[in-house]
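Student: Numbering (our numbering), first residue to last: 260 to 696.
From the three backbone atoms N, C-alpha and C, an ideal C-beta is built for every residue, glycine too.
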RNA sequence: GGAGAGGUGGCAGAGUGGUCGAAUGCGCGCGCUUGGAAAGCGCGUAUACCGCAAGGUAUCGGGGGUUCGAAUCCCCCCCUCUCCGCCA
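#1: Does the beta-carbon of residue 350 have 16 or more other beta-carbons within 10 angstroms, so that it is buried, or is it exposed?
#2: When DSSP labels each residue in this structure, what does residue 300 get in the three-state scheme?
#3: Residues in its own chain within less than 8 Å of residue 623 by CB, not counting five upstream and five downstream?
#4: Within its chain, find whatever has a CB closer than 8 Å to the CB of residue 700; leave out the 5 residues flanking it on each side and keep chain order.
#5: Taking the alpha carbon of residue 698 as the reference point, which residue from 430, 437, 433, 409 has its own alpha carbon closest?
#6: Taking C-alpha atoms, which residue in 328, 291, 362, 342 lies nearest to residue 308?
#7: Relative to the alpha-carbon of residue 641, which residue among 515, 693, 601, 408 has its alpha-carbon at the smallest distance?
#8: Reducing DSSP to helix, strand and coil, say where residue 631 ends up.
#9: Rounded to whole angstroms, what's the CA-CA distance from residue 267 to residue 475? Just pull it up for me.
#10: Between 530, 457, 397, 425, which lies nearest to residue 467 when the distance is taken from Cα to Cα?
#11: Would you mind listing the beta strand (DSSP E) stretches within the segment 391-479 that are 3+ residues and don't spill past its ends, in chain order?
#12: For residue 549 and residue 419, which I take to be in contact (beta-carbon distance under 8 Å), what is that distance rounded to the nearest angstrom?
#13: Given a cut-off of 8 Å, decide if residue 688 and residue 448 are closer than it, judged by their beta-carbon atoms.
#14: Going along the chain, which residues of its own chain have a beta-carbon closer than 6 Å to the beta-carbon of residue 405, five neighbours each way excluded?
#15: Which residues in the same chain have their Cβ closer than 6 Å to the Cβ of residue 276, if we skip the five residues on either side of it in sequence?
#16: If you draw a straight line from the C-alpha of residue 500 to the C-alpha of residue 345, how long is it?
#17: Who does residue 647 pair with in a DSSP beta bridge?
#18: Hey, how far is the Cα of residue 255 from the Cα of residue 495?
#19: Report the residue from 651, 384, 680 whose alpha carbon sits nearest the alpha carbon of residue 558.
#20: Should the segment 320-336 be called in touch with the segment 277-291, which here means at least 3 C-beta pairs below 8 Å?
#21: For residue 545, which residues in the same chain have their Cβ closer than 6 Å to its Cβ, ignoring the five residues on either side in sequence?
#22: Going by CA-CA distance only, name the one from 469, 295, 610 that's closest to residue 583.
#23: Below 8 Å on the Cβ atoms is my guess for residue 632 versus residue 381; work out the distance and round it to an integer in Å.
#24: Take residue 416 as the anchor and find which of 675, 647, 685, 490 has the nearest alpha-carbon.
#25: State the start and end residues of the unbroken alpha helix (DSSP H) segment that holds residue 668.
#26: May I have the straight-line CA-CA distance separating residue 388 from residue 294, to the nearest angstrom?
#27: Helix, strand or coil for residue 550, going by three-state DSSP, please let me know.
#28: Please specify which runs of the alpha helix (DSSP H), each continuous and at least 4 residues long, are wholly inside the segment 550-575, giving them in chain order.
#29: Need the endpoints of the alpha helix (DSSP H) that residue 525 sits in, please.
#30: By DSSP, does residue 355 sit in helix, in strand, or in coil?
#31: Does the segment 579-598 touch the segment 391-400, meaning 3 or more C-beta pairs lie closer than 8 Å?
#32: Taking residue 521 and residue 639 to be in contact with their CB atoms under 8 Å, please state how far apart those CB atoms are, rounded to whole angstroms.
#33: Note down, in chain order, each residue of its chain lying with its Cβ closer than 7 Å to the Cβ of residue 462, except the 5 sequence neighbours on either side.
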């Protein structure tokens, strides 16, 4: 039930273009430096060279086999010439077998090594190593404008009536809260609002499977690097999706689209499941970090020439949601060190949570250029040449529900203990106020 | 879950051990023909990798095996369809 994995990703699909490594290793070296990664580039290059040399040897031998095969077809079976040829080719066959074994193991090493090479950051990505060095690209609304009654959402009187962590922990485990009454209703209203806005912005709504197989998780990079971060099912070895990005991106895996079809815009709501292994600390309180949460994801498959325009539009589409919700937020342009392995450029949207007095990430809008597309083999046919070329993929949250919900509760808490909802949400929620009892 | 039938190029569909990257048809592209079109005729029409190039190699659902040689034989897996069972 593992869909011929792990054979799948070895079919020549790696993330960075091997040609780039050969023709411009300096570019790759610079990218590694800008992302502050520790990669043995020289080792990768050595493996690549060795692999190519051995491949040439094996192919030459196979060529001999093929030629002999051709000759033997013309010979009389069982004739002395034929039998001599068989003897001769037995030796070649043994040699091919031995070398192929070496090639296979070398190829695996080569592939693993190639997977350590990160995507190249875009020139507009600022230098920097830590999150503190991300550039504040824009700020909208003022944190000071939030309610003077603001409290961290978990301290709001009656919060437990809307979001029940203890019972969630009893039933499932820590980080799996129940949403009840207005909590559940507000969450649903937000989802509905996000989806409707996504559709209005031109994204086609999709409801994808929320379990994926290993091949899909590999194509989008969850495997093998983040294996421990996903929930895995037994006995079918399916993975609960950490984001809709995974099933959505894989929709076109191993396909060639028509150039006219680009860009393809899609949005999807899914619950998202994350083990969050190893992330403890004070930022995990309340809804800030949970193992299951609802999110609408925005996805784009675009022509390479358009991907940076599309990134700006994607960011704008996500921002619009926060504006309509009248939440103060800021846009961060991620620096090289905080960019992420697969991204060429990334904006984070952070909403102001007035009770906690801190910014919460609610969206991350990224251009992967051809990095994901290469691994997932998603291409389009260039009309002028008839040849396939990799698409560029982008994605961004639009948006993650729990933190938005938290910010709404904190920022709009009134003296009477109720929360007043922004006008845009009222049609979806059905009332103007959230009550905690 | 049980039983059976299948998975070959954009599609349909041949091919049961060798000269098969794969007949034929459709579709598509270019050209001829035509006042123009249809028909007809001719040519072309997968992807990836290696190579400066010439060229080579791989791929017939996936993986493994037998063999000098596998689309073709053997084993395992996946998927689709039909019937039965079960079920929201």
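Tutor: With the given structure in hand:
#1: exposed
#2: helix
#3: 605, 606, 607, 608, 655, 656
#4: The requested residue 700 does not occur in the structure, where the chain is confined to residues 260 to 696.
#5: No information on residue 698 is available, as it lies outside the stretch 260 to 696 that the chain covers here.
#6: 362
#7: 515
#8: helix
#9: Legend: pLDDT at residue 267 = 39, less than 50; position of this residue unreliable, no value from coordinates given.
#10: 530
#11: 394-399, 463-465
#12: Residue 549 to residue 419, Cβ: 15 Å. No contact.
#13: yes
#14: 613, 670
#15: none
#16: 54 Å
#17: 640
#18: Because residue 255 is not part of the residues shown, which for the chain are 260 to 696, the question remains open.
#19: 651
#20: no
#21: 412, 413
#22: 610
#23: In fact, because the Cβ distance is near 16 Å, the residues do not count as touching under 8 Å.
#24: 675
#25: 660-670
#26: 7 Å
#27: coil
#28: none
#29: It is not in any alpha helix (DSSP H) - residue 525 instead sits in the beta strand (DSSP E) that spans 523-532.
#30: helix
#31: yes
#32: 6 Å
#33: 524, 525, 526, 557
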